[in-house]
Every structure is written in structure tokens, then in C-alpha cells.
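Asker: In this note's numbering, the protein residues as written are -4 to 280. Built from N, CA and C at the ideal position, the CB exists for glycine as well. Note that the structure is predicted; figures quoted are calculated from it, not measured.
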Ligand code: PRT
Ligand code: ZN
């Protein structure tokens, strides 16, 4: 039987989360990421471990059928591959930063400046969109030190917490793109591989849905039941059961993590009691 080949970063910021996503999707690998490749047990899948920079090209060439990369690498390499799923981890921004003592009014201030970056393609597109011409200076690493050693006036690099900028005396002035881990796919997959991919994506989506939702149980006074239900859409609608105590009902539902605290506060205001919140192991989407 055919196996889908997925390329994953060998070691770096994407590796651990990508492997644990596969694991939660029920795909356990024969060995760790020490080897170059690894086969899954009980699922037709093989992992190849590569540098993140190489993954888009390997997927375009079909050496790997699919891959997990930062969206920034996908955009920078501009390979002939499709972005088929966003995974929500390893989030970051690609930003322009300048020495913090300098004034900045807008993107036109970058005209004629030297900007150091490891992402020349994304930067070039950003500047072109804004009608600015600047001198792009390619550096493969340590971009943040370029202004202090005088090789550039500004940098264009990945920003996450912002602490690298601060410790190098820089400030963010433009955000060109936001990035997260994404699944990319070869454009010419045969039917067998497409079928395996569909199964894999179904599992991945179920894992992601579960981690962004919680199961909630509570006791509601019947006179506030309608208002409480309207706060809890559930997967279809909440389950409501009468309690042994007159005038009260038990309500079961699913709640999005992102609206969690807001909804809990409203539920308490409406008189909900005995609120229990339980993690969801898998959520079949
Ligand atoms: O060896 P290989 O080539 O595979 O790895 P790599 O060193 O090129 O990549 P790696 O592991 O550093 O990052 C992989 C992916 O993680 C990136 O392509 C991004 O999509 C994503 N990511 C998320 C980040 C960050 N956050 C991040 N903070 N990649 C890099 N950084 C670096 C950034 O370069 C900068 O130097 O961290 C610094 C900024 O961080 P803050 O928190 O100080 O702002
Ligand atoms: Zn890399």
C-alpha cells in the first residue's frame, strides 16, 4: 500500500509541535527525530526530517507529498505548492524595524534605505505594494545586529515576543505579514495519496477543534434557561435535562476557548451554578 510522505522540520521551533500534532492524531512513529526518516505504525505515513528552508522545494518536487512549514517559508520560497491547512502554532510576524532613536512617519521613510533580511522575496513584494524602493541586503542570520554594525539602516525579520528587537535597540515600524505553521501539499497527488491525505486532515482538524473547545456542564435556574442557552451554542444546541430539584436544569454544551472567560462571567451573572469545564480529547468535525 502507498504511504503519504510528510516533511517535517528536523530540529527547530516547528519540530516538537508538529510531532505532537501527529501523535495526537494517533500517528506514532517508530523512532524519534534522530533519523532522516521514520515510519508510522498503524497509518500509511512516512516522515522525512528536513531543514525548514528546504521543505517547500521538496514538496514541489514530490519528494515529500506534503510538509509542515512556517507560512513565512511558504511565502518566501514561492514554490508551486498549495497551502491546505493552517495549524495555529509557531505564530510570528515578519516586521520591519529601525533603531529606536529614529523617527518614523510612514513607509515612505524607508525610501532609499538599506534593509537587511533573510526574507528578500517577501520584503520585495511588501515594498513594491507600497511603492517604495529600498536596497535589500540579504543576510542568512543574525539580521538584528545589522544596524548596530552599520551594514543596514533597518531590518526585516521574524518577530515573536519582540525581545530580540528591544535588546538590539530596535523598534517595529511595519508588519508585512503574520505567520503560523501551515500544511503545504504537492499539486499533483494521485488518488491513493489524496485519500490518505483526507484521512490525515480529518484527524488533524479533530485534534485542533478539540484543543480550541471545552465541554461545559452547569446547573441553570429554569427562569434564566433561555438566556443561558443563547450563550452556549454547542455543536448543534445544548443538551438540557431537568434536575431532581424543582426549577433547575442541567445544561451540557461545548464552548470555544477564545470566548471562554467572557461566557463564564455572563453565566455566573445569570445565576448558573456548579459550572464544570472539561477538556475535550477529540472532537469529530
Ligand atoms: O534549521 P532550520 O533551517 O530548519 O531552522 P531555522 O533556524 O531556519 O528556523 P527556526 O526553527 O528558528 O524557526 C522555524 C519557524 O518558526 C520560522 O520559519 C517561523 O515560521 C517560526 N517562528 C515562530 C520563529 C519565531 N517564532 C521566532 N521567534 N522563527 C524564528 N524566530 C526568531 C527570529 O528569527 C528572531 O531572531 O526569534 C527571534 C525573534 O523572537 P522574539 O521572541 O525575540 O521576538
Ligand atoms: Zn531555516
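When every heavy atom of the ligand PRT is checked, does at least one fall within less than 6 Å of the C-beta of residue 155?
Answerer: The answer is yes for residue 155.
Asker: Count the other C-beta atoms from every protein chain shown that fall within 10 angstroms of the C-beta of residue -4, then say buried if there are 16 or more, exposed otherwise.
Answerer: Under this definition residue -4 is an exposed residue.
Asker: Which residue comes first and which comes last in the beta strand (DSSP E) that contains residue 48?
Answerer: Unbroken run through residue 48: none, as it is neither H nor E.
Asker: Could you name the residues, in chain order, whose CB is less than 6 Å away from a heavy atom belonging to the ligand ZN?
Answerer: Cβ atoms closer than 6 Å to the ligand ZN belong to 46, 47 and 48.
Asker: Cβ-heavy atom distance between residue 9 and the ligand PRT below 6 Å?
Answerer: Under cutoff, so the answer is yes.
Asker: Between which residues of its own chain and residue 279 is the CB-CB distance below 6 Å, once the five residues before and five after are set aside?
Answerer: If we look at residue 279 and ignore the five residues flanking it on each side, its Cβ neighbours are 201.
Asker: Looking only at its chain, what residues have a beta carbon closer than 7 Å to the beta carbon of residue 99, apart from the 5 residues adjacent to it on each side?
Answerer: Contacts found: 93 and 168.
Asker: Closest to residue 159 by C-alpha separation, out of 140, 148, 144 and 146, would be which residue?
Answerer: Nearest option by C-alpha distance: 140.
Asker: With DSSP as the reference, identify every bridge partner of residue 163, one or two as the case may be.
Answerer: Answer is none; residue 163 lacks a bridge partner.
Asker: Can you give me the C-alpha to C-alpha distance between residue 198 and residue 241, rounded to a whole angstrom?
Answerer: Cα to Cα, the separation comes out at about 42 Å.
Asker: I'd like the ranges of any alpha helix (DSSP H) spanning at least 4 consecutive residues and lying wholly in the region 170 to 210.
Answerer: Qualifying alpha helix (DSSP H) stretches, in chain order: 186 to 206.
Asker: Return the CA-CA distance between residue -1 and residue 32, expressed in angstroms with no decimal places.
Answerer: Cα to Cα, the separation comes out at about 12 Å.
Asker: Is residue 163 near the ligand PRT, judged by its Cβ being under 6 Å from some heavy atom?
Answerer: Flag unset: Cβ of residue 163 not near the ligand PRT.
Asker: Straight-line CA distance for residue 166 to residue 95?
Answerer: Roughly 5 Å between the two C-alpha positions.
Asker: Looking at residue 64 and residue 77, is the spacing between their C-beta atoms short of 7 Å?
Answerer: No, these two residues do not count as a Cβ contact at 7 Å.
Asker: Opposite residue 23 in the DSSP bridges: which residues?
Answerer: Paired residues: 36.
Asker: If you count every other CB in all the chains shown that lies within 10 Å of the CB of residue 62, and 16 or more means buried, which is it?
Answerer: Buried, by the Cβ-count rule.
Asker: Helix, strand or coil for residue 260, going by three-state DSSP, please let me know.
Answerer: Reduced to three states, the DSSP call for residue 260 is helix.
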